[in-house]
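Chemist: Last residue of the sequence shown: number 422 in our numbering, and the count goes up by one each step with no gaps.
Before I ask anything, let me first share the structure, which is written out below as structure tokens.
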Amino acid sequence: PLVPNPKCKEGPGCGEWKAPLIDNPDYKGKWNPPMIENPDYKGVWKPRRIPNPGYFEEANPVATIKPIGAVAIEILANEKGIHFDSIMIGNNIEEADEYAK
322 PLVPNPKCKE GPGCGEWKAP LIDNPDYKGK WNPPMIENPD YKGVWKPRRI
372 PNPGYFEEAN PVATIKPIGA VAIEILANEK GIHFDSIMIG NNIEEADEYA
422 K
């Protein structure tokens, strides 16, 4: 709480304090580290792409799924207040999209 001071009405020295600003003739602006040339620079790093003989892409992955006999959901909750609802299991993508809306 602010306590009223009767002497503040008479003279200076009361109110919000602001640091005095002193000009610095050597100030050249915000400092940034100098960029030096690197003759070995080859551009932004990217991981090497190596062939993977076991890779394949399934054109229609839903067509090869076997019938589902059971579903298990494992939940590891390290925090309170985690809730799950609206879990849908189906075989029609249009119905799932409609259900998600």
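Every residue, glycine too, gets a C-beta built ideally from N, C-alpha and C.
Identify the continuous alpha helix (DSSP H) that holds residue 418 and give its terminal residues.
Modeler: Segment 414-421, the alpha helix (DSSP H) holding residue 418.
Chemist: So, at 8 Å on beta carbons, what are the nonlocal neighbours of residue 401 in its own chain, with the 5 sequence-adjacent residues on each side left out?
Modeler: Hits under 8 Å: none found.
Chemist: Between residue 417 and residue 409, which are expected to be in contact by the criterion C-beta below 8 Å, what is the C-beta distance as a whole number of angstroms?
Modeler: Going by Cβ atoms, the distance from residue 417 to residue 409 rounds to 6 Å, so yes, they are a contact pair.
Chemist: Quick one, which of 404, 346, 327 and 367 has its alpha-carbon nearest residue 395's?
Modeler: It is 404 whose Cα lies nearest to the Cα of residue 395.
Chemist: Alpha carbon to alpha carbon, what distance is there between residue 363 and residue 369?
Modeler: The alpha-carbon atoms of residue 369 and residue 363 are separated by roughly 13 Å.
Chemist: Distance, Cα to Cα, residue 393 vs residue 374?
Modeler: Approximately 33 Å, taken between the alpha carbons.
Chemist: For residue 383, which residues in the same chain have their Cβ closer than 7 Å to its Cβ, ignoring the five residues on either side in sequence?
Modeler: Here the set comprises nothing.
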